[in-house]
Amino acid sequence: TLPEHVREAALTRVADFHLHTAHAAARLLEPHRPLLSPEPPAPGVHPHPLPDTAAALAWLAAEHATLLATQRTAATLRHHHTVWHLAWNLHTFHLRRAHRHDAITTWQAALDAADHLPDPATRGRAHRILGSACSLLGLHEQATTHLEQALDLALRHHDPAEQATTHRALAFARGRRGDDRQALEHAHQALDLSRALDQPVGEADALNAVGWFAARLGQFDTAREHCHAALTLHRYHHNPDGEADTQDSLGYIAHHTGDHHQALDHYHQALTLYRNLGHAYEVANTLDNMGHPHAALGQHEQARTVWREALELYREQGRGTDAERVQRQLDDLDDTGHAGADRQ
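Position 20, counted from 1, in the sequence shown is what the numbering used here calls 69; the numbers after and before it change by one each time, with no gaps.
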């Protein structure tokens, strides 16, 4: 067997290769995210070259199990920096591919590692993203605990950028609990902070959040105004992720104000952007949303097509509650007496 120091040096090189390639992949997937660079790799370590986002997604998918194992090994070796940065650099991939349980596992490890890291911001960010991951799985109590700790840390460390991001995360967590009014308050706070910081992409994200929750509360004029402002900013700053989110919001607004053709136009644009981003999680959501204006227009075959694809994706992603809801929508569509003969 190899001496301990030789073995550890070899494991460090392997971990550095995976971490730095994951970092390059994450930059390609979400260039507008804050740049948090890991420490330089061990001498002689060269990340795998990734020419574009398609290559980044393909590499992350192929190496996913290895990357999770690398984080576990780094935790065993108490390489806290590597543990934390692997969570950070896997985050976008986990979100887009609906790896919700893996997101919780990696961020729990990162939160444990943050106790041993000199930068206090690592702890707050870990609480924030772990909170959002819990919220996506419907673990609302845990989500609230982590997000409130994140906000407390951001306030304590006078970090307005992190406060803004955390308020936005709290908005969506409150929304998933059905508290749209409180969600809107958090979205407004995120917007005020982002504007004061002169962070246009953060401002655009917050504008869309305000628009979305205003729409949920039936305040459609306010909603439309904020979402159009968000769309302009996202396009100007070449942020297709945010543009897709905003098109989806505008689709919801148009549908709920009776303009179903306009809704479909927005949803189609969102869907194209999400597909190009490889964002399977949101592709499923938008397909689900698209069925409603199709059904309202009496386009039952088109509604059935998008809902069937949404159903398949929800099942693949382990989203049982969403799958059951879409199955009910399909059943209701057939029960209205339209094209029941091809029911499956």
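Backbone N, C-alpha and C define an ideal beta-carbon position, used for all residues, glycine too.
Bear in mind the structure is a predicted one, so any value in this text is a computation, not a measurement.
Hey, alanine 264 and tyrosine 301 are a contact pair by Cβ (cut 8 angstroms); roughly how many whole angstroms apart? 6 angstroms
Where aspartate 208 falls: helix, strand or coil (DSSP): coil
In terms of alpha-carbon separation, which member of Ala220, Asp247, Arg226 and Asp254 lies closest to glutamate 234? Ala220
Is the beta carbon of leucine 382 closer than 8 angstroms to that of histidine 349? yes
Limits of the alpha helix (DSSP H) - the one that glutamate 88 falls within: Taken as a continuous stretch (DSSP letters only), glutamate 88 belongs to no alpha helix (DSSP H), as it is neither H nor E.
Whole runs of the alpha helix (DSSP H) within the segment 158 to 187, excluding any shorter than 4 residues: 170 to 185
Report yes or no: do the segment 120 to 137 and the segment 96 to 105 share at least 3 C-beta pairs separated by less than 8 angstroms? no
DSSP-derived helix/strand/coil call for proline 96: coil
Histidine 81 vs valine 250 beta-carbon contact at 8 angstroms: yes
Along the chain, where does the alpha helix (DSSP H) that runs through leucine 336 open and close? 329 to 345
Mark arginine 172 as exposed unless 16 or more other C-beta atoms lie within 10 angstroms of its C-beta, in which case mark it buried. buried
With 16 as the cutoff for other CB atoms within 10 Å, does aspartate 164 come out buried or exposed? exposed
Which same chain residues, not among the five before or five after leucine 379, have their C-beta less than 6 angstroms away from its C-beta? Trp356
Segments of 3+ residues assigned as beta strand (DSSP E) that fall wholly inside the segment 229 to 293: none
Given that a residue counts as buried once 16 or more other Cβ atoms are within 10 Å of its Cβ, and exposed if not, what is histidine 86? Here residue 86 is serine; the residue named in the question, histidine, does not match the sequence. Looking at its Cβ environment, which holds fewer than 16 other Cβ atoms inside 10 Å, serine 86 is exposed.
Glycine 227 (DSSP reduced to helix, strand or coil): coil
Over the uninterrupted alpha helix (DSSP H) stretch that includes arginine 121, give me the two end residues. 102 to 125
Between which two residues does the alpha helix (DSSP H) containing histidine 317 stretch? 309 to 326
Please return the same chain residues whose Cβ sits closer than 7 angstroms to the Cβ of glutamate 295, not counting the five positions on each side in sequence. First, the amino acid is wrong: residue 295 is threonine here, not glutamate. Only Asn257, Cys276, Ala279, Leu280 and His283 meet the Cβ criterion.
Please determine, among Arg177, Leu200 and Phe66, the residue with the shortest C-alpha to C-alpha distance to threonine 131. Phe66
Find the nearest neighbour of glutamine 191 within the set Val55, Thr214, Ala74 and Ala222, judged by alpha-carbon distance. Ala222
N- and C-terminal bounds of the alpha helix (DSSP H) containing glutamine 367: Strictly speaking, residue 367 in this sequence is glycine, with glutamine absent from that position. Premise fails: glycine 367 is in no alpha helix (DSSP H) and is neither H nor E.
If you count every other CB in all the chains shown that lies within 10 Å of the CB of threonine 370, and 16 or more means buried, which is it? exposed
Member of Thr354, Val332, His287 and Thr385 whose CA lies at the smallest distance from the CA of glutamate 79: His287
For phenylalanine 66, three-class secondary structure by DSSP: helix
With burial defined as no fewer than 16 other Cβ atoms inside 10 Å of the residue's Cβ, what is the status of threonine 115: buried or exposed? exposed
Have a look at Gln376, Leu346 and His176 and flag the residue whose alpha-carbon is nearest the alpha-carbon of aspartate 161. His176
If we count the other Cβ atoms within 10 Å of its Cβ and call it buried at 16 or more, is glutamate 373 buried or exposed? exposed
Evaluate arginine 368 with the Cβ neighbour count: other Cβ atoms within 10 Å of its Cβ, from every protein chain shown; 16 or more gives buried, anything less gives exposed. buried
Alpha-carbon to alpha-carbon, aspartate 228 and arginine 56: 52 angstroms
Burial state of alanine 236, where buried means 16 or more other Cβ atoms lie within 10 Å: buried
Just to confirm, is the Cβ distance from threonine 215 to alanine 203 under 8 angstroms? yes
Please report the residue range of the alpha helix (DSSP H) in which leucine 135 lies. 129 to 145
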